[in-house]
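S.K.:
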Amino acid sequence: MHTLALQGGYIPFARYYFDWEPLPNQFVAHYAPQPNVIHLGGVGSGKTMGQGMSFLTSCMTTPYYLALNTSISSFQAKLMFDKLQPYINHPPVERFISDVRNRPYPEILFWNESKFACMTAGHLATVIRGSEWDEINGDEFGYERYEETIWALKGRLRGSRPDGTFRKAQLKITTTPTDIEWLRRWWDRGDKKSGSDKLEPQRYLSLRSTLFDNAHIPGWQREEIMAGYTEEMVQQEIYALFPDWGDTEFPVKFIDACEDVWLNDHMEMLV
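Numbering-wise (the numbering used here), the sequence shown opens with residue 61 and increments by one.
Now the structure itself:
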């Protein structure tokens, strides 16, 4: 198993164990050495599925690997877990898995002591403080307004595994592009075309995937998805381009004062 994954490569490993093959950007994201990976993706581009399969591969091939998928809500965080259900039931994969749990949060446990979990990070990542992970993915974090949450997640990427090897310590952001200011700054640090004086390609990698990059979606479904979209929605939701809306009419601080995006998660945790 290790020979196939590490010497033969991710593609033959995924073909054999999952009967699935990564798309180009999914392949690049899996092998990316940078500690910060920003993957912008349009609807149906495969960004969530690709990261889920990458998590499974890492957990199966690396003992004590801890992978976390988090998001702004419990529902969004669990979507990746739901997408992986058909694959973890494959006979070649089942023998690597010791348990699958839904409570208190979805997680997959492996015989090699690796773990893949899905949960909300909570306000400013308070829910996962004190924990350590090899890899964390912020799914749809283009809707996370506070950069402090991202830095709190970075603080969870540290330490060594019980076998003495260092944790991977990699943060990934997979999201539809939004007008959130910190997201654009992080993207520019890994995008060589941005012209940013803060470019750090050794620490940041920026990837963009569109609906048309996903060969698994037939043309008629793509056309149907786009049928009711405005031109602005096509640029953002299909081609994963940053919107140019500005925030002068409705500043973020005014919106923050009118809502609590963590209320649903807080109620669920209390239940």
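Glycine residues also receive a C-beta, built at the ideal position from the N, C-alpha and C atoms.
Less than 6 Å between C-beta atoms, sequence neighbours within five positions excluded: which residues of the same chain meet that for Lys228?
M.R.: Here residue 228 refers to the residue found at position 168 of the sequence shown. Same-chain partners within the cutoff: Asp194 and Glu195.
S.K.: Assuming Thr236 and Ala300 make a contact with CB atoms under 8 Å, what is their CB distance in whole Å?
M.R.: Here residue 236 corresponds to residue number 176 of the sequence shown, with the count starting at 1. Here residue 300 corresponds to residue number 240 of the sequence shown, with the count starting at 1. About 7 Å; that satisfies the 8 Å criterion.
S.K.: Between Met286 and chain C, is any beta-carbon pair separated by less than 9 Å?
M.R.: The chain inventory of the structure shown lacks chain C, comprising one protein chain alone.
S.K.: Need the endpoints of the beta strand (DSSP E) that Thr209 sits in, please.
M.R.: On the sequence shown, position 149 is the one that residue 209 refers to. Note, Thr209: premise wrong, no beta strand (DSSP E); alpha helix (DSSP H) at Glu207 to Lys214.
S.K.: Can you tell me where the beta strand (DSSP E) holding Ile168 begins and where it ends?
M.R.: Walking along the sequence shown from the start, residue 168 turns up at place 108. Start and end: Glu167 to Phe170.
S.K.: What residue does the alpha helix (DSSP H) around Ala137 start on, and which one ends it?
M.R.: Indexing the sequence shown from 1 puts residue 137 at position 77. Start and end: Ser134 to Ile148.
S.K.: Could you name the residues that DSSP lists as bridge partners for Met175?
M.R.: Residue 175 sits at position 115 when you count from the first residue of the sequence shown. The sequence given here places Lys at residue 175; Met does not occur at that position. According to DSSP, Lys175 bridges with Leu126 and Leu169.
S.K.: Leaving out five residues on either side along the sequence, give the residues of the same chain with a beta carbon under 6 Å from the beta carbon of Trp242.
M.R.: Taking the sequence shown and counting its residues from 1, the one referred to as residue 242 is at position 182. If we look at Trp242 and ignore the five residues flanking it on each side, its Cβ neighbours are Glu207.
S.K.: In its own chain, which residues sit with a C-beta less than 6 Å from the C-beta of Leu265, not counting the 5 before and 5 after it?
M.R.: Residue mapping note: residue 265 aligns to position 205 of the sequence shown, counting from 1. Hits under 6 Å: Ala92, Gln94, Val97 and Gly250.
S.K.: If you draw a straight line from the alpha carbon of Leu83 to that of His99, how long is it in whole angstroms?
M.R.: Within the sequence shown, residue 83 is the residue found at index 23, counting from 1. Within the sequence shown, residue 99 is the residue found at index 39, counting from 1. Going from the Cα of Leu83 to the Cα of His99 covers about 13 Å.
S.K.: Going by DSSP in three states, Gln230 sits in which element: helix, strand or coil?
M.R.: As a first step, residue 230 must be located in the sequence shown, where it is residue number 170. It is a strand residue.
S.K.: Are there three or more Cβ pairs, one per stretch, closer than 8 Å when the region 122 to 140 is compared with the region 174 to 181?
M.R.: Yes, the region 122 to 140 is in contact with the region 174 to 181.
S.K.: Going by CA-CA distance only, name the one from Glu297, Ala212 and Asp257 that's closest to Ser191.
M.R.: The residue labelled residue 191 in the question sits at position 131 within the sequence shown. Comparing Cα positions, the closest option is Ala212.
S.K.: Helix, strand or coil, according to DSSP, for Val187 in the structure here?
M.R.: Here the question's residue 187 lines up with position 127 in the sequence shown. If DSSP states are grouped into helix, strand and coil, Val187 belongs with the helices.
S.K.: Would you say Met109 and Phe156 are within 9 Å of each other, going by their C-beta atoms?
M.R.: Sequence index remark: in the sequence shown, residue 109 carries index 49 (1-based). Sequence index remark: in the sequence shown, residue 156 carries index 96 (1-based). No; because the gap between Cβ atoms is not below 9 Å, this pair is not in contact.
S.K.: Given 8 Å as the limit, is there contact between the region 213 to 224 and the region 68 to 78, that is, 3 or more CB pairs closer than that?
M.R.: The region 213 to 224 vs the region 68 to 78: no contact.
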